[in-house]
Amino acid sequence: MRKQVGNTGIISTFTAGSLRLKLFAVPLGLAWKHCGVTSDFLGDFCSARAVRGSVDANEIRHNVCYLVNELLENAVKFRTSGDIVIETSLENGDFRLCIANTISKEGALRFQDVLSGLQGRDPSELLIERIERNAADPNSTGSGLGLLTLMSDYGVQLGWDFQASSDDEGTVQLATYAVLPMP
């Protein structure tokens, strides 16, 4: 079973990155620290490479750090086992990112439900709706606020590729693709 969701055009045009990192499976506490360190590293790496003329290196660093941290924390939070692979590149003025990890089949179905609620609507309107809903119900989960913030405030294009694992463990290989326009 293979299912692609979101901006599938960025999935088909994604090329191997200029930088590839593998975060090995470690206990959750250490994995959370890896998220911050990795996003800071990639923010510094990209801002140093992308700075041309009057471009604000701090803005580039912030935008890349926020994107990587948000998607990497999701990968850590929802993975079932195994390593997380991160690929990045700078192409045509865009920061391109792919984060791949393994999730449960049930988690994949729940996530696809969340994503279906985000499709075909204005991310800015949905963001306001979800913020209001979360304010009314503090126990609300699975709102997609992070993804909506990326799309609404940062102009990020997102796509997901769900591929059933070849093993019989009931897991799904998930690749999350993102394209962030550079300022």
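Here the sequence shown is numbered in our numbering, starting from 132 and rising by one per residue. By construction, the Cβ of each residue, glycine as well, lies at the ideal position given by its N, Cα and C atoms.
Start and end residues, beta strand (DSSP E) containing residue i
i: F226; result: 225 to 235
i: L154; result: 150 to 154
i: V216; result: 210 to 222
Three-way DSSP call (helix, strand, coil) for residue i in this model
i: S296; result: coil
i: Q135; result: strand
i: V245; result: helix
i: N189; result: helix
i: T280; result: helix
Cβ separation of residue i and residue j, assumed to be a contact under 8 Å, to the nearest whole Å
i: L203; j: S178; result: About 18 Å; that fails the 8 Å criterion.
i: Y312; j: D187; result: Looking at the sequence provided, one finds Pro at residue 312 rather than Tyr. Not really, about 14 Å apart at Cβ, beyond 8 Å.
Where the alpha helix (DSSP H) through residue i begins and ends
i: P312; result: Not the alpha helix (DSSP H): P312 falls in the beta strand (DSSP E), residues 302 to 312.
i: R261; result: 254 to 267
According to DSSP, residues forming a beta bridge with residue i
i: Q288; result: V310
Is there contact between the stretch 286 to 299 and the stretch 261 to 271, where contact requires at least three CB pairs shorter than 8 Å?
no
Three CB pairs or more closer than 8 Å across the stretch 226 to 243 and the stretch 204 to 212
Judged by Cβ distances under 8 Å, the stretch 226 to 243 makes contact with the stretch 204 to 212, as three or more pairs qualify.
So, do the stretch 139 to 158 and the stretch 220 to 229 have three or more beta carbon pairs nearer to each other than 8 Å?
yes
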